[in-house]
Amino acid sequence: AAGVAALVGLSALTSHGLAQDKPRYAMLVRVLGNTAFELARVGAQQAADELGVELIYTGPTENSAEGQVALIDSLIAQRVNAIMLSANDATALTPSLQKAARRGIAVVTWDQDTEATARKLHIASATNALITLGPAKIALDLAGGEGKIGVISGPANSTTQNEWVDELIRLTKEEDAFKGLEVVEVAYGDERSDKAYNEALGLVNKYPDLKVIVAYSSIGIAAASQMVRDQNLIGKVQVTGLGFPNEMVDHVTSGATPAFAIWNMIDVGYTTVYATKALIDETVTGASGDMIAAGRMGEIAVGDNNTAVMGELFVYNKDNVAEAADLITSLSK
Amino acid sequence: MSGRGTGLRIGSWEIGLVGLLIGVVILNSSLSPYFLDYYNLIDSTFTFSEKALIVLPMALLIIARDIDVSVASIVALAAVLMGVAADMGAATPVLVGVGLLTGLVAGLVNGAIVTTLGVHSIVVTIGTLSLYRGIAVAIVGDGAYTSFPASFAVFGRHYVGDVVPLEFVIYAVATILFAVLLHATIFGRRIYAIGTNPEAAQYSGIAISKYRIALFALTGLMAGLAAVLLTSRLGSVRLNIATGWELQVITMVVLGGVGIAGGTGTILGVTLSVFLIGFLTFGLSLINVPGIVMNIYVGLMLIAAIAVPNAGKFLAAYFDSKRKES
Amino acid sequence: MSEPLLEVRNLSKRFGGVQALSSVGIKAYRGRVLGLIGENGAGKSTLVKSLTGNYQPDAGTISFAGADVRFDRPQDAADVGIAAIQQEPSMFEDLTVAENIFVGNQPRGRRLINWREMRAKARDLLVEIGVSLDPDSPLRELSVAERHLVSLAKALSSDASMIIFDEPTASLSQAEIQHLYGIIEGLKAAERAIVFISHKFDEIFRICDDYAVLRDGEMVQDGLIADVTEDDLIRQMVGRTLNDIYPKAAAEIGETVLEVEGFSHPTEFADVSFSVRRGEILGFYGLVGSGRTETMEAVFGLKPGSSGEIRIEGRSWQINSAQKAMEAGIAYVPEDRQRHGAILPFSIRKNMSLPVLGTIARAIFLNQRAEDALCDEFGQRVQIKASGWSQPVEELSGGNQQKVVIGKWLATQPKIVILDEPTKGVDVGSKSAVHQNVGDLVAKGLSVIIVSSELEEVLGICDRIIVMHKGRMSAAFERKDFSSEAIVAAATGYAIAADHVDGGAG
Amino acid sequence: MRRRPDTPLLPIMSTAGRAEMQTTGHSASINAPEGVNRRLVQNQRREIILFALIALMIVLIGLRAPQYLALTSVDNLLTNAGFLVILVLGQLPVLLTRGIDLSQAAVLAFCGMLLAMLSQVMPGLPAVAYILLALVAGGALGAINGVIIAFLKIPPIIMTLGTMSVYRGLVYILSDGAWVSSHELSDRFKGFPGGQDFLLPNIFWVAAICAFLVWIGLSYTRAGRNIYAVGGNPIAARYAGIAQRRCEVLVYVLSGALAGLCGYLWTARFAIAYTQAAEGREFAIIAACVIGGVSIAGGRGSVVGAILGAFFIAIVETALPFLRVNPFLQLAIIGSVILFAVAANARAERRPGRQILRRGGNEPMAGGQKQAERAS
Ligand SMILES: Nc1ncnc2c1ncn2[C@@H]1O[C@H](COP(=O)(O)OP(=O)(O)OP(=O)(O)O)[C@@H](O)[C@H]1O
Ligand SMILES: Nc1ncnc2c1ncn2[C@@H]1O[C@H](COP(=O)(O)OP(=O)(O)OP(=O)(O)O)[C@@H](O)[C@H]1O
Ligand SMILES: [Mg+2]
Ligand SMILES: [Mg+2]
């Protein structure tokens with residue numbers, strides 16, 4: 001009995017309004033609490049407001065397919081008009097997403113794609129090649145053209161992050177421009193700052209002549225920078241990779257991370273909502289060659305495999321990082 | 001808690017659970033128009049059928065004063081090995097065999113270690129929790145197994161007569177089997193005896209170690225079955241599959257009125273708690289409450305279920321003594 | 001007589017349905033021993049626990065040293081100077097002897113515990129009661145008798161002016177009891193007031209000055225021991241006269257049923273050999289901790305690692321588990337009935353059927369009708385008093401719990417029944433009932449082995465007695481040459497005369 | 001007693017007793033040093049074995065990866081071990097009372113987040129203030145566990161299983177799922193935990209101080225001994241007039257407070273606060289205790305043992321990256337190492353049964369005893 005009472009109380013706290021009039025778009029992320037998705041949410045909310053759409057933002061607590069499947073089922077049950085998701089498993093979601101499609105729900109993926117049969121359209125923040133390239137370029141001139149670099153990846157099971165790392169290794173082996181760089185080891189930070197920290201420390205201890213640590217994970221780059229500062233290695237070992245301005249400002253100002261790159265998640269979220277609306281209004285079909293009118297982002301072209309790519313990564317350094325950070329903090333509060 | 005070693009008799013605990021269940025249903029249907037909808041409800045069983053399959057043997061295990069926190073890892077190991085078999089082109093029956101066998105063996109190992117070392121099972125299974133998932137991780141690495149034959153998808157995705165998920169049917173059948181086993185057979189009686197007073201049970205000629213090993217093996221087997229259904233439903237296996245299940249399963253068992261001290265609990269109780277938690281979380285997901293916040297409600301319910309009755313007793317006793325003072 | 005140190009007036013206490021005490025009043029004086037007498041469940045321990053603050057009485061007054069007192073916590077009683085050696089001294093296995101003595105009020109410096117002082121004090125106390133125990137040895141290494149003495153030391157440590165002994169001798173051997181008498185004399189001399197609870201009349205007459213009889217929670221009578229006879233006391237406590245507590249069943253003795261040869265265990269006992277014949281009652285006597293229980297447990301297959309040969313009706317058995325022992329036709333009624341004998345929360349029915357579930361089940365399914373039939377047959381035979389077969393055993397009195405355990409084992413249709421301390425802490429009434437049962441068993445042609453620390457008992461009902469000392473057989477006696485002296489001597493290890501030790505094969 | 005020591009209760013017995021005490025080896029240990037050592041060795045056996053095991057492990061790792069023994073990584077080990085030690089010190093008294101605290105990691109995350117957000121609104125506070133606040137906040141959460149367990153008689157494993165979810169969820173509600181990251185944390189906040197003011201990492205010193213205090217508390221205060229008593233035999237504890245509930249509340253408050261402290265240090269050290277912080281550490285904590293010889297059944301366990309257990313786990317975890325083992329194998333290795341250590345412990349865990357055959361010296365019947373010897 002008291003249990004129920006408590007439930008009523010707490011539900012009141014957290015239950016979101018169920019406005020039936022507006023169309024409801026669900027934004028389903030891989031895992032809650034990750035700044036990347038928080039940013040995408042910010043962009044999506046802007047677009048939703050502009051288009052008069054109700055945005056449902058949700059995601060699993062653990063980064064697992066089961067979690068997303070369960071959420072997709074509940075979104076289907078809620079008869080939302082669209083599901084916009086960043087998939088954490090390419091195959092596992094297919095049955096549920098196809099069920100959603102059968103129930104007339106528009107399915108659009110962004111950031112991480114599923115099997116092509118499971119969605120009508122995919123908004124790619126950037127191609128894997130582009131994502132790998134950003135930090136790689138920075139690493140190259142931090143290392144002064146040549147030297148040993150260590151890599152901190154995310155959880156060992158994250159497909160995309162591993163694709164980036166593989167691409168990086170390919171670059172250093174095959175592309176003349178990057179031949180000078182040698183990837184000595186790939187360590188897995190597991191999106192856990194203590195783990196990433198230890199792995200980074202392990203790298204610098206094992207390779208005294210290590211020049212650069214490239215972290216393809218936002219937690220990894222922060223942890224590595226922290227380590228470099230703790231060990232007074234600033235200037236000796238340089239850190240770069242993918243990170244978020246608001247998390248990296250003082251690592252950049254401290255010099256541990258002279259520069260890092262990231263795609264603009266806010267724009268990804270923003271574009272995704274416009275694209276979804278277009279899909280539902282049938283102004284686009286998702287076929288190659290379609291042009292999506294994405295509000296302030298202008299026109300974006302759909303390429304092959306129903307994929308629209310956002311473009312080059314954005315590089316932050318001590319000149320522009322601070323204001324970006326403030327902007328984000330103000331937006332997400 | 002329901003009377004010690006009771007048979008199918010409905011105890012105060014079960015009645016309390018029914019009350020809570022009704023409360024949750026009312027609450028949910030008031031919070032979301034989509035809750036009281038047959039298809040939604042029946043689909044929601046997907047989210048707990050697999051765990052519930054492990055809840056059943058776990059209840060027996062805890063009634064017999066043991067516990068197995070490695071079940072989630074067993075699921076992962078079984079799933080990964082099925083994935084390997086699938087990659088080698090194994091047919092559906094073989095895959096099922098691999099899943100069940102893996103679970104059985106893992107369970108047997110748990111049981112053997114616990115009985116031979118004479119260490120509390122929570123300690124041992126904390127060890128195997130890392131070991132089993134560790135092996136799974138070592139095998140699957142950062143990849144995923146997705147090449148399962150189409151026929152394999154039946155277990156997780158097929159609807160019996162297009163109305164009831166096969167998963168749920170399997171769970172229902174298992175529940176009946178376990179209810180009979182625990183409440184109507186000599187094995188069930190002995191399980192209660194072992195859980196209530198192991199020494200007396202041994203002095204009465206019950207082969208305690210054999211029973212404990214058997215229960216661990218059964219738990220492993222059911223975890224293997226859960227792995228089959230889960231893998232079939234997802235069609236994809238990664239190293240983080242079924243993470244955190246152990247605590248969810250144990251929560252369901254305990255909320256079902258199975259005394260952690262052993263000797264008490266009924267299948268009816270754990271069945272009620274499975275639906276209680278299942279419907280609660282489904283209802284909350286309909287109003288898009290994040291999973292981590294749902295856990296707050298589940299946690300509170302777990303505590304309240306025991307705290308509220310005890311609080312009554314406590315206050316009664318307190319005022320009683322107060323009266324004596326004056 | 002001077003002022004009473006303790007005076008209790010119409011004290012009452014009820015537990016749910018049971019009125020454990022109804023307006024009881026007693027007096028205890030410095031330098032005198034008050035004997036508290038009553039059947040099982042008469043309320044003696046309840047009274048004690050009310051005096052030590054473990055229970056809070058519903059009504060009545062307690063005045064101590066002239067002042068009225070009330071004990072909300074055990075500490076309160078200790079503070080005014082009442083100490084008790086409880087019926088089951090429950091202590092701390094993993095703490096040292098010294099800590100067990102001073103737990104709760106360890107000697108301290110400014111704030112911190114002073115271990116050296118604590119050890120020293122403990123050693124002095126132990127020396128004063130004449131025990132040579134290391135204050136640093138963990139309690140778990142001690143025997144039951146030693147534990148009693150440690151709890152006595154604890155009682156003394158609190159410098160109590162009144163000390164209560166609740167059945168201190170129930171699990172002690174003759175020699176240890178003698179030792180205890182000495183201690184009590186010493187306490188009398190030191191002007192302590194003593195309350196002494198026992199079911200054994202020889203002790204009561206040996207050391208008590210006053211007596212008070214409880215029956216069903218009511219004071220029946222009190223006065224000077226000098227003024228009463230044993231029969232008066234028995235009449236008052238059971239409300240009737242008992243003819244013979246130790247009836248010798250006259251069953252004719254047949255061929256050898258059980259033969260145990262060269263039975264040994266690495267740590268507990270060594271080369272034990274004996275045999276029992278049909279219709280025979282074989283007694284095992286010895287000090288507590290002499291290894292009889294261990295030996296019997298080994299015979300019943302509960303002590304892994306023991307070696308030796310067991311033959312039953314000529315056929316040799318490898319008994320390594322209780323199941324095997326039951327198969328072989330052995331039944332063992334363990335000493336600790338609460339822990340090993342019965343499953344207290346279970347109903348009588350479930351307890352009775354537990355060892356024979358396999359045989360009375362329909363395939364693997366429970367068969368309540370068969371269970372009831374079982375209870376009807378064997379429950380009757382041991383005359384269990386209960387509201388019904390569904391009553392939980394924990395609600396039964398000690399005596400009836402014992403009967404359930406015996407009945408449960410009779411249901412296994414054994415050839416040999418081993419009873420370990422069947423009458424430990426059992427009052428005269430129930431005691432003679434148990435002995436009646438034993439008589440019936442042998443009359444039916446079973447063989448019985450009785451482990452007992454009570455001399456009268458073994459002398460009274462056994463055909464042969466084997467005495468154990470420190471895990472070895474020290475002597476064996478045929479009924480014709482029973483002699484208390486020789487038996488006690490053998491038990492305490494005085495005279496180990498080789499000529500007495502024949503396997504007893506008779 | 002109100003009796004002059006030179007007139008003992010039992011003249012006859014006591015002299016015999018005294019005589020006995022000089023002769024029998026069993027009781028000799030009181031004054032005979034070799035006896036003392038014997039007992040020390042036999043009581044500390046498990047700790048000694050474990051210590052040897054750890055030493056061996058370090059040597060082997062050192063051979064395989066010398067740079068692991070480099071100063072920087074030793075500091076890193078001490079830091080990681082520091083966190084675990086602090087948590088284990090909280091868990092130990094709980095286990096001693098037959099309890100268990102599964103909510104520690106959640107408390108850690110909650111307090112870490114709470115203080116991180118606090119440091120945003122009032123960045124100027126000195127480290128001491130943060131430490132105190134962390135202790136208080138953690139203690140409060142622990143008190144909730146303790147009070148409900150003690151007064152409403154909820155099995156600890158259930159209570160803390162529940163609060164584990166509740167507290168973790170509250171972190172999410174508190175932070176709205178967002179992270180608090182380096183630049184949002186004041187330097188005052190990050191300063192001390194990251195520092196190395198006295199040669200070794202400050203976190204290590206904090207852990208050392210905690211260890212000392214807990215050790216004193218457990219072995220030299222009545223409260224401490226009561227904790228052992230309550231866990232060893234609750235009924236006897238009640239008869240001995242020990243305030244059981246106070247003990248229970250106390251241990252959970254302590255456990256919470258230390259977890260809270262750890263929360264601050266952790267957040268400041270890694271300069272980030274987020275919902276999943278330290279998730280899943282519960283099992284590592286319990287494992288460390290068990291490896292250290294703390295009995296889940298209550299009543300048995302030492303501070304030294306628990307600390308060694310914590311170091312054991314910390315070493316395995318920090319060494320694996322250096323040993324260049326395939327990252328995918330690390331978990332499996334940790335698992336088998338835990339099992340191995342548990343198995344090694346299992347022997348020591350078994351209670352030495354009393355040995356009737358070899359039980360010489362400590363017969364209660366001192367007098368009779370002697371004559372018996374003569375007779376035979
Ligand atoms: N804690 C309790 N709860 C319920 N009933 C109790 C409790 N303690 C004692 N009783 C009941 O009160 C009565 C008196 O018990 P008590 O232990 O005082 O008897 P006793 O004289 O000590 O018997 P014995 O000689 O066997 O020790 C018995 O009927 C017993 O069942
Ligand atoms: N040190 C001890 N630790 C635990 N239990 C003990 C100890 N000493 C004696 N006991 C218990 O006390 C009882 C008597 O001790 P034990 O059985 O070893 O000797 P015994 O020869 O069987 O004496 P008896 O059968 O007369 O009790 C048994 O229940 C035994 O388990
Ligand atoms: Mg009594
Ligand atoms: Mg015995």
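Those protein sequences? They're chains A, B, C and D, same order as listed.
Oh and the first sequence: position 41 is 41 in our numbering, straight run, nothing missing.
Oh and the second sequence: position 73 is 73 in our numbering, straight run, nothing missing.
Oh and the third sequence: position 395 is 395 in our numbering, straight run, nothing missing.
Oh and the fourth sequence: position 126 is 126 in our numbering, straight run, nothing missing.
Each residue gets a CB set at the ideal place from its N, CA and C atoms; glycine is no exception.
In this model, Gly398(C) and Tyr239(D) are separated by some 22 Å (Cα to Cα). Pairwise C-beta distances place the stretch 247–261 of chain A in contact with the stretch 221–228 of chain A, as three or more of them are shorter than 8 Å. Distance between Gly111(B) and Phe216(B), taken at the CA atoms: about 5 Å. Residue pairing by DSSP places Thr61(C) opposite Arg9(C) in a beta bridge. Any Cβ of chain B closer than 7 Å to the Cβ of Leu32(A) would place that residue at the interface, and such an atom is present.
Between the C-alpha atoms of Gly81(C) and Ile164(C) there is a straight-line separation of about 11 Å. Excluding sequence positions up to five before and after Glu54(A), its CB lies within less than 8 Å of the CB of Ala19, Lys22, Pro23, Arg24, Tyr25 and Ala48, all in the same chain and listed in chain order. Counting only residues of its own chain and dropping the five nearest sequence neighbours on each side, Tyr55(C) has a CB closer than 7 Å to the CB of Lys13, Thr46 and Lys49. In the structure shown, His265(C) falls within a coil segment according to DSSP collapsed to helix, strand and coil.
For Gly341(C), the C-beta contacts it makes with chain B under 8 Å involve Ala200 and Tyr203, in order along the chain. Interface criterion met: the Cβ of Ser74(A) is under 7 Å from a Cβ in chain B. Taking 9 Å as the Cβ-Cβ cut-off, the stretch 51–64 of chain A approaches chain B at Ile56, Tyr57, Thr58, Gly59, Pro60, Thr61, Glu62, Asn63 and Ser64, given in chain order. Cα atoms of Gly189(A) and Thr243(B): separation of roughly 18 Å, rounded to the nearest angstrom. Nearest to Val426(C) by C-alpha distance, out of Leu344(C), Thr169(C), Phe71(C) and Gln178(C), is Thr169(C).
The stretch 364–383 of chain C and the stretch 403–423 of chain C touch, with three or more beta-carbon pairs separated by less than 8 Å. For the stretch 350–380 of chain C, the set of residues with a beta-carbon nearer than 7 Å to any beta-carbon of chain B comprises Lys350, Leu354, Pro355, Leu357, Gly358, Ala361, Ile364, Phe365 and Leu366, in chain order.
Distance between His265(C) and Met473(C), taken at the CA atoms: about 13 Å. The shortest CA-to-CA distance from Ala90(B) to any of Phe152(B), Gly278(B), Tyr192(B) and Ile194(B) is the one to Phe152(B). For Gln120(D), the number of other beta carbons within 10 angstroms of its own is below 16, and it is reported as exposed. Membership of Tyr188(A) in the beta strand (DSSP E) is indicated by the continuous run Leu181 to Tyr188. Linking Leu5(C) to Phe102(C) through their CA atoms gives a straight-line distance of about 25 Å.
Residue contact check for Thr275(D) against chain A: a CB pair falls below 7 Å.
Per DSSP, Glu294(C) lies in no beta strand (DSSP E) segment; the continuous alpha helix (DSSP H) that holds it begins and ends at Arg292 to Val299. In terms of Cα proximity to Leu170(D), the closest of Ala105(D), Lys153(D), Ile334(D) and Gly194(D) is Ala105(D).
For Asp194(A), the C-beta contacts it makes with chain D under 7 Å involve Phe270, in order along the chain. Taken atom to atom, the span from the alpha-carbon of Thr219(B) to that of Gly103(B) is near 8 Å. When only Cα atoms are considered, Ala491(C) and Val288(C) end up about 10 Å apart.
Listed along chain D, no residue sits closer than 8 Å to Ser49(B) by beta-carbon distance, the nearest being about 22 Å off. By the rule that beta-carbons nearer than 7 Å mark a contact, Pro345(C) touches chain B. Under the Cβ criterion of 7 Å, Pro74(C) is counted among the residues facing chain D.
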